[in-house]
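*Asks:* Anchor point for the sequence shown: position 66 equals 87 in our numbering, and the numbering is continuous, going up by one each time.
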Amino acid sequence: MQRRRAEFEHDRSGDSPTEFETSTNKFEAVCGMCGGKMFVDHALKARLESAREQGLEDNPLVCGRCEADMNEAAAEA
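Set out below in structure tokens:
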């Protein structure tokens, strides 16, 4: 029996970080590249805290602006 990806990742949110607080994204986080403030949902906040507790030193979270800059730089290369 095949299972859908959604069944395996039911605890992961489809929402992405936002610049402003929303009804879902209530927790403040910082971009790992520019240090800009953004808001994330509870599930992403918990995963970030878990990664930090397990020894991840670099913040993997990247804001939309930095992500766009990285994509633009990759397209030019």
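Where a beta carbon is used, it is the ideal one built from N, C-alpha and C, also for glycine.
For V51, collect the residues of the same chain with a Cβ closer than 8 Å to its Cβ; drop the 5 residues on either side in sequence, then sort them by chain order.
*Replies:* So the qualifying residues of the chain are G57, K58, M59, N80, L82.
*Asks:* Starting from A94, follow the beta strand (DSSP E) in both directions and report where the run begins and ends.
*Replies:* Here A94 belongs to no beta strand (DSSP E); instead the alpha helix (DSSP H) covers 85-97.
*Asks:* Report the residue from C55, L77, S37 whose alpha carbon sits nearest the alpha carbon of V61.
*Replies:* Comparing Cα positions, the closest option is S37.
*Asks:* Excluding the 5 residues flanking H31 on each side, which residues of the same chain have their C-beta closer than 6 Å to its C-beta?
*Replies:* Unreliable placement is indicated for H31, whose pLDDT of 48 sits below 50; no coordinate value is reported for it.
*Asks:* By the DSSP assignment, the alpha helix (DSSP H) with E74 in it spans what residues?
*Replies:* E74 -> alpha helix (DSSP H) spans 63-74.
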